[in-house]
Amino acid sequence: MAFINGQFQEAFTLAKEAIKLDENCADAYQCAANVCMSLGRYEDAIEYYQKAVNCDPNNGNRFFSLGYAQASVNKIAEAMQNFAKADELGLNEDAAGQMYHILGIVNQEFGKLDDALINLKKSELIIPADMDILKRKAVIYGLLDEITNGLQTANQMKLLAPSDYSGYQAAYILLKQAGRIDDAFKELRYARMNLPSFPFALCGDMVNYELVKHEQDGDTIHFEKALAYIKHFLQAPHFCSEDILYFRLKR
7 MAFINGQFQE AFTLAKEAIK LDENCADAYQ CAANVCMSLG RYEDAIEYYQ
57 KAVNCDPNNG NRFFSLGYAQ ASVNKIAEAM QNFAKADELG LNEDAAGQMY
107 HILGIVNQEF GKLDDALINL KKSELIIPAD MDILKRKAVI YGLLDEITNG
157 LQTANQMKLL APSDYSGYQA AYILLKQAGR IDDAFKELRY ARMNLPSFPF
207 ALCGDMVNYE LVKHEQDGDT IHFEKALAYI KHFLQAPHFC SEDILYFRLK
257 R
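Quick note on the numbering used here: the sequence shown kicks off at 7 and runs consecutively.
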């Protein structure tokens, strides 16, 4: 209960007392490890999770927790071994969804894009409507030049988070990659009409579009439009000082 209420030190003290009473209590080690994870003490968490595994070696969830902590400090090889053991023993749905998500991220970082898609899709079946999974899928489809699948994913993002620019931006990037620059601009227009604010990323992409068009036709009007977008962004009610500083430094 102390851990749930955010009383981490009290929870850690109780866990250590439980360990003193029973050195083979896997749940006590698990609790201590969970507190360490919450406090960013990943190496300590790994040590406690390992002890939980030693006490309960047939529990896949224990191996997942250990692998998760190892992945948090970039101990990828060890994490993969423990994830494999967790998968072999079986684990609950929430842990399985997180595990496949992490595996997808690792696959993507190592350039194993097909494997990344497989694991992200597995995670999606268990934990639906996750924006990070959708964003990663859209990026991977772009890298694989699978524009249609990427656009379908971008549309899912727009449905899931209609006030978030990410879905429109993914569609813009994919369409631009496919050479459909005017269709790409339509996504920016839709975003401008539908979003409750004018985010910095949208302004940047609108400026980018005008620069691309200038490269195509050489018309200087695109510079004027780009400047107009920047001025409009700076005058919008929702902006941050970092954005303004960026534009001033770029001038």
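All C-beta atoms, glycine included, are put in the ideal place defined by N, C-alpha and C.
- Within its own chain, the residues whose Cβ lies closer than 6 Å to the Cβ of Ser-71, once the five positions on either side in sequence are excluded, are Tyr-55, listed in chain order.
- The alpha-carbon separation between Asp-121 and Leu-45 amounts to approximately 32 Å.
- A straight line joining the alpha-carbon of Gly-66 with that of Met-86 spans about 13 Å.
- Within the same chain, Cβ atoms closer than 8 Å to the Cβ of Ala-184 are found at Ile-153, the five residues on either side in sequence being excluded.
- Between Val-218 and Ala-135, the alpha-carbon positions lie close to 34 Å from each other.
- Taking a contact as a CB-CB distance under 8 Å, the pair Tyr-215 and Leu-201 does not count as one, their CB atoms being some 16 Å apart.
- DSSP places Val-79 outside both helix and strand once states are collapsed to three, so it counts as coil.
- DSSP, read as helix, strand or coil, puts Thr-226 in coil.
- Secondary structure within the region 160-199: the alpha helix (DSSP H) runs of 4 or more consecutive residues, fully enclosed, are 172-183 (chain order).
- Taking 8 Å as the cut-off, the beta carbon of Leu-140 is found closer than this to the beta carbon of Leu-166.
- Considering only Leu-208, Asp-151, Thr-159 and Leu-119, the residue with the shortest C-alpha distance to Asp-138 is Thr-159.
- Where Ile-133 is concerned, there is no enclosing alpha helix (DSSP H), because DSSP gives it neither an H nor an E.
- If you look at Gly-103, you'll find it in the alpha helix (DSSP H) that goes 99-115.
- Contact check for Leu-95 and Asn-64: beta-carbon distance about 6 Å, within the 8 Å limit, so the pair qualifies.
- Annotated as proximal: His-220 and His-228, with beta-carbon spacing under 8 Å.
- Taking every protein chain shown into account, the CB of Phe-18 has 16 or more other CB atoms within 10 angstroms, so this residue is buried.
- Phe-69 sits in a helix when the DSSP states are folded into three classes.
- Counting the other Cβ atoms within 10 Å of the Cβ of Leu-180 gives 16 or more, which makes it buried.
- In the DSSP annotation of this structure, the continuous segment of the alpha helix (DSSP H) that includes Asp-33 starts and ends at 32-44.
- About 10 Å separates the Cβ atoms of Ala-90 and Met-105, ruling out a contact at the 8 Å cut-off.
- Counting the other Cβ atoms within 10 Å of the Cβ of Lys-26 gives fewer than 16, which makes it exposed.
- In this structure, Ala-177 is the residue among Lys-128, Ala-177 and Ile-133 with its C-alpha nearest to the C-alpha of Asp-151.
- About 16 Å separates the beta carbons of Met-163 and Ala-190, which is beyond the 8 Å limit, so they are not a contact pair.
- Straight-line measurement puts the Cα of Gly-224 at about 59 Å from the Cα of Ile-52.
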